[in-house]
Amino acid sequence: MTGPRDERPAKDTRPAGTSGHAPDARSRQPPVAKALEAPKVRLFFALWPDAATLRALTDWCAQAHAVCGGRVMRPDTLHLTLAFLGQVPADLVDPLIRLTVERPFTPGLLRLDRYGVFPRQGIVWAGPGDGAPALAEQVAGLWRDLAALGNLRPDHPFRAHVTLLRNVVIKGDNAAGKGDIAPGESDKTAGKATPLPSAPPPLDWHYDRCVLVQSVQDGQSRYEIKATSR
Numbered sequence: 042m043t044g045p046r047d048e049r050p051a052k053d054t055r056p057a058g059t060s061g062h063a064p065d066a067r068s069r070q071p072p073v074a075k076a077l078e079a080p081k082v083r084l085f086f087a088l089w090p091d092a093a094t095l096r097a098l099t100d101w102c103a104q105a106h107a108v109c110g111g112r113v114m115r116p117d118t119l120h121l122t123l124a125f126l127g128q129v130p131a132d133l134v135d136p137l138i139r140l141t142v143e144r145p146f147t148p149g150l151l152r153l154d155r156y157g158v159f160p161r162q163g164i165v166w167a168g169p170g171d172g173a174p175a176l177a178e179q180v181a182g183l184w185r186d187l188a189a190l191g192n193l194r195p196d197h198p199f200r201a202h203v204t205l206l207r208n209v210v211i212k213g214d215n216a217a218g219k220g221d222i223a224p225g226e227s228d229k230t231a232g233k234a235t236p237l238p239s240a241p242p243p244l245d246w247h248y249d250r251c252v253l254v255q256s257v258q259d260g261q262s263r264y265e266i267k268a269t270s271r
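Now the structure itself:
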């Protein structure tokens with residue numbers, strides 16, 4: 042005759058803090074790592090050229106390329122960056138679209154009348170000789186409004202320019218990034234010259250809006266306009 046069975050559960054001899062199931066790697070992931078995985082998009086605010094301005098900028102590209110070489114920017118990528126936001130969380134896109142649409146943007150005139158270079162980046166650009174103070178004031182106001190959406194701030198001072206060429210080999214003293222080359226000048230301090238052509242007749246860009254743009258990488262860089270100001 043057998044006695045009654047012991048119905049008590051067997052004692053768990055496993056080390057404390059373990060269970061019968063393999064731990065989910067995601068459950069052990071620190072919160073910071075999860076935050077880093079949140080999707081991000083690359084955004085910036087810009088002036089986008091109308092058809093007439095684009096044709097003129099294309100001519101500027103061709104004239105600079107004939108002298109400097111490098112890679113000519115595609116016409117559909119020509120723009121003037123107002124505020125570069127960089128990689129931002131995807132959940133900021135909708136608030137940024139609302140800000141773009143609802144925020145007034147004052148029309149104005151930008152006169153492009155010179156070529157210049159960013160030596161370290163190998164970039165030749167078109168820009169205004171006067172620094173575009175009215176546009177710079179609008180950009181400062183834009184950054185103030187962007188601050189309400191989080192940690193969005195400029196990483197360098199605003200400098201109005203349209204990138205025309207990339208991958209230009211900069212020779213001479215300017216290759217060390219000591220300054221820009223003004224139109225019609227060349228840097229001969231190292232016995233070599235990186236000339237820029239004299240600028241074409243001034244280009245008057247009548248702008249009346251700014252756009253929020255996403256930079257998309259899907260084989261080649263392209264830009265997607267997400268919103269346009271009033």
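Per the working numbering, the sequence shown starts with residue 42, numbered consecutively.
Built from N, CA and C at the ideal position, the CB exists for glycine as well.
With distances taken between CA atoms, L95 lies nearest to H120 out of R207, H120 and P80. The three-state secondary structure of I211, taken from DSSP, is coil.
Listed as beta-bridge partners of H106 by DSSP are no residues whatsoever. For V82, the closest alpha carbon among the candidates V254, A268 and L190 is that of V254. Distance from the CA of Y248 to the CA of L193, rounded to the nearest whole angstrom, comes to 25 Å.
Taking 8 Å as the cut-off, the beta carbon of A167 is found no closer than this to the beta carbon of L137. By the Cβ criterion, the segment 116 to 136 is in contact with the segment 195 to 203, since at least three pairs of Cβ atoms, one from each stretch, lie closer than 8 Å. Remark: C-beta atoms of G111 and G163 approach each other more closely than 8 Å. Around L126, the same chain offers L84, F85 and L193 as residues with beta carbons nearer than 7 Å, after the five sequence neighbours per side are excluded. Contact check for P243 against A105 fails: the beta carbons are separated by 8 Å or more. For G157, the three-state secondary structure derived from DSSP is strand. DSSP, reduced to helix, strand and coil, places L206 within a strand of the structure shown. Where G182 is concerned, there is no enclosing beta strand (DSSP E), although the alpha helix (DSSP H) around it starts and stops at P174 to L187. In this chain, R83 is not harboured by any alpha helix (DSSP H); it is covered by the beta strand (DSSP E) spanning K81 to L88. G157 sits buried, since 16 or more C-beta atoms from the chains shown fall within 10 Å of its C-beta.
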